[in-house]
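Trainee: My numbering applies: residue 1 is where the sequence shown begins, and numbers increase by one.
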Amino acid sequence: LILKWGGNLTKLGERQSIHLGQNFRHSMYPDAPGGGILRLHSTFRHDLKIKTSDEGRVMKTAAAFAKGLLELEGEIPPILVSLVHKEKESIHMLDPSGNKEVKMELDECKEKVNVNLQRDVDFSKTSEAEHELLVGPPEMSSMHAALKSVGNPRRSLFKIYNTIGELLAQLEEMLGLMASGDENQLDGEGLQGDENNLALSGVKLYKGETLLELTERWRFTYSRMYDEEKDVFDLSRIPDIHDNVRFDMLHNPHIGLTMTLEKLYHLAKDMADCAVPQ
């Protein structure tokens, strides 16, 4: 069973991993007379190995899964140290670049998605054959529904790009007000919280991120999403945008940019459902 999530493991992700471990135990090792897998673990009658890559987020996810699987008590770090192992073979197994057999097909699929989902065409004015060219056969109903919500892929990409620009402008205005000491002007769509927390150096968001770091995170994505000289979008940024905006809506609602984030979320989700179907 290979478990891997992107970014840092949040408290929500930790709870989900623990719950997944519990579900896995109940479905694969139903409780039996004598204690089942838990008794085996407690009496060292089996040799449980949990292997991960050397990425911290992956190791924490594995440790949280083990906590749920084995009904362990305590914090994640001790479980990680005692049960989670990094091995070269594991890194190769989890690294997609090691799958050379399918790399050509993956690259071909990515190129088709990248080209087709940048076309300036309207869903309502195109045929079923053109829909199939854009997102695949009719059986992939979720992707066709997502494309219908998008309408025009290229226009949707520009809307996403421009909305990130609006978000950056709002964040930069907030940073400017804080740097000038005019924090009291931040009401409505602006940072919310105690006055003592509004100084630029003291703004701590989820996982210790500062407002400046959050702004740079979005600036990095914005600068790489669209190449103006070539007039080409990088569709590999769409899942990142979807993850980032969902993260900020869940964990940083107090920055007061809910309206802009919600607008960006709906745009990015529809596009992500086309590019990365779930």
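C-beta atoms are modelled at their ideal positions from N, C-alpha and C, and glycine is treated no differently.
What you are looking at is a predicted structure, and each value in this text was computed from that prediction instead of being measured.
1. Looking at chain C, is there any beta carbon in it that lies within less than 7 Å of the beta carbon of isoleucine 79?
2. If you draw a straight line from the C-alpha of leucine 9 to the C-alpha of threonine 126, how long is it?
3. Counting along the chain, where does the beta strand (DSSP E) carrying lysine 51 start and finish?
4. Would you report the Cα separation of valine 121 and leucine 134, rounded to the nearest angstrom?
5. Using only the alpha-carbon positions, how far apart do leucine 264 and histidine 242 sit?
6. Please report how far the alpha carbon of serine 142 lies from the alpha carbon of histidine 19, in whole angstroms.
7. Evaluate the contact criterion for the region 71-79 versus the region 110-124: three or more CB pairs, one atom per stretch, below 8 Å.
8. Mind checking which residues open and close the alpha helix (DSSP H) that includes histidine 26?
9. Give the straight-line distance between the Cα atoms of leucine 168 and arginine 217, rounded to the nearest whole angstrom.
10. Helix, strand or coil for aspartate 227? Go by DSSP, reduced to three states.
11. May I ask which residues mark the beginning and end of the alpha helix (DSSP H) holding histidine 131?
12. I need the DSSP call for valine 84, collapsed to helix, strand or coil.
13. If we call anything under 7 Å between Cβ atoms a contact, is asparagine 252 one with leucine 205?
14. Taking all protein chains shown into account, do 16 or more other C-beta atoms lie within 10 angstroms of the C-beta of phenylalanine 247, making it buried, or fewer, making it exposed?
15. For glutamine 149, collect the residues of the same chain with a Cβ closer than 8 Å to its Cβ; drop the 5 residues on either side in sequence, then sort them by chain order.
16. Please identify the residue among Asp234, Met249, Leu83 whose C-alpha is closest to the C-alpha of valine 115.
17. Could you tell me whether the Cβ atoms of threonine 260 and glutamate 166 are closer together than 7 Å?
18. Just verifying my parser: in three-state terms, what is the DSSP assignment at valine 276?
19. Ignore the nearest five residues each way along the sequence and tell me which others in arginine 237's own chain have a CB closer than 7 Å to its CB.
20. Assuming glycine 282 and alanine 66 form a contact by the criterion Cβ under 8 Å, report the distance between their Cβ atoms to the nearest whole angstrom.
21. In chain order, what residues of the same chain have a beta carbon less than 6 Å from the beta carbon of leucine 171, not counting five sequence neighbours either side?
22. Is valine 245 helix, strand or coil by DSSP?
23. Go ahead and pull the three-state DSSP assignment for valine 232.
24. Could you have a look at proline 138 and say whether DSSP puts it in helix, strand or coil?
Mentor: Taking the definition as stated:
1. In the structure shown, chain C cannot be found, because there is only a single protein chain.
2. Residue mapping note: residue 9 aligns to position 9 of the sequence shown, counting from 1. Residue mapping note: residue 126 aligns to position 126 of the sequence shown, counting from 1. Rounded to whole angstroms, leucine 9 to threonine 126 spans 42 Å at the Cα level.
3. As a position in the sequence shown, residue 51 is number 51, starting the count at 1. Note, lysine 51: beta strand (DSSP E), 50-52.
4. Start at 1 with the first residue of the sequence shown, and residue 121 comes out as number 121. Start at 1 with the first residue of the sequence shown, and residue 134 comes out as number 134. Distance between the alpha carbons of valine 121 and leucine 134 is about 10 Å.
5. Here residue 264 corresponds to residue number 264 of the sequence shown, with the count starting at 1. Here residue 242 corresponds to residue number 242 of the sequence shown, with the count starting at 1. Between the alpha carbons of leucine 264 and histidine 242 lies a distance of about 8 Å.
6. The residue given as residue 142 occupies position 142 in the sequence shown. The residue given as residue 19 occupies position 19 in the sequence shown. Whole-angstrom Cα-Cα distance: 27 Å.
7. In this structure the region 71-79 does not touch the region 110-124; the number of beta carbon pairs closer than 8 Å is below three.
8. To locate residue 26, count along the sequence shown from 1; it is residue 26. 11-28 is the extent of the alpha helix (DSSP H) around histidine 26.
9. Start at 1 with the first residue of the sequence shown, and residue 168 comes out as number 168. Start at 1 with the first residue of the sequence shown, and residue 217 comes out as number 217. Cα to Cα, leucine 168 sits roughly 10 Å from arginine 217.
10. Against the sequence shown, residue 227 aligns to sequence position 227. Looking at aspartate 227 - three-state DSSP - the assignment turns out to be strand.
11. Taking the sequence shown and counting its residues from 1, one reaches residue 131 at position 131. Histidine 131 -> alpha helix (DSSP H) spans 128-135.
12. Translated into positions along the sequence shown, residue 84 becomes position 84. Valine 84: strand per DSSP, three-state reduction.
13. Looking up residue 252 in the sequence shown gives position 252. Looking up residue 205 in the sequence shown gives position 205. Cβ atoms of asparagine 252 and leucine 205: closer than 7 Å.
14. If you number the sequence shown from 1, residue 247 lands on position 247. So phenylalanine 247 counts as buried.
15. Here the question's residue 149 lines up with position 149 in the sequence shown. Looking at the sequence shown, residue 149 is not glutamine but serine. Counting only Cβ-Cβ distances below 8 Å, and skipping sequence neighbours, we find Asp270, Asp273.
16. Your numbering for residue 115 matches position 115 in the sequence shown. Nearest of Asp234, Met249, Leu83 to valine 115, Cα basis: Asp234.
17. By 1-based counting over the sequence shown, the position of residue 260 is 260. By 1-based counting over the sequence shown, the position of residue 166 is 166. Contact: yes.
18. Mapped onto the sequence shown, residue 276 falls at position 276. Note: valine 276 maps to coil in three-state DSSP.
19. In the sequence shown, counting from the first residue as 1, residue 237 sits at position 237. Cβ within range, chain order: Thr221, Arg224, Met225.
20. The structure shown does not extend to residue 282, since the chain is modelled only from 1 through 278, so no value can be given for it.
21. Position 171 of the sequence shown, counted from the first residue, corresponds to residue 171. Taken in chain order, the residues that qualify are Thr215.
22. Translated into the one-based positions of the sequence shown, residue 245 becomes position 245. Here valine 245 sits in helix by DSSP.
23. Counting from 1 along the sequence shown, the entry for residue 232 is found at position 232. Here valine 232 sits in strand by DSSP.
24. Taking the first residue of the sequence shown as position 1, residue 138 is located at position 138. In this structure, proline 138 counts as coil in the three-state DSSP scheme.
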